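In the working numbering, the protein residues as written are 199 to 329. Note that beta-carbon positions come from the ideal geometry of N, C-alpha and C, so glycine has one too. Note that this is a predicted model, so its numbers are computed, not measured.
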């Protein structure tokens, strides 16, 4: 009984969708969040993550870590292989021709339309009022 109530509260499809979207956002916003952290608290960023804090002559100020993260991100982005679609095509079949209107031998359309609708409910025209 308790398990059914929990299952009815949390739809598993919704939970999996939310988890998947949050994982995608976390992976995409990793570099952006580090850059925001660097912009807001530069001293804390240098104290925690900078590798060259022993050598103040370099004036690194944490830019080395940002450059390493940017290089790691660009190395992950490999270009997609180019596919020659001429080689992929294995089977070819000519599509059947579909005609919307049938025509007779003279080239005239056989299709006709007869309008049975009238705009008024009476067959006699309305007369203007008499004064």
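- Scanning its chain for C-beta atoms nearer than 7 Å, with the 5 sequence neighbours on each side dropped, one finds around residue 267 the residues 229 and 232, in chain order.
- The residue among 222, 328 and 260 with its C-alpha nearest the C-alpha of residue 234 is 260.
- Counting other Cβ atoms within 10 Å of its Cβ, residue 263 reaches 16 or more and is therefore classed as buried.
- Annotation: the continuous alpha helix (DSSP H) that includes residue 213 extends over 210-226.
- Per DSSP, reduced to three states, the secondary structure at residue 229 is helical.
- Assignment of residue 249 by DSSP, reduced to helix, strand and coil, places it in the coil class.
- Per DSSP, reduced to three states, the secondary structure at residue 258 is coil, with no helix or strand assignment.
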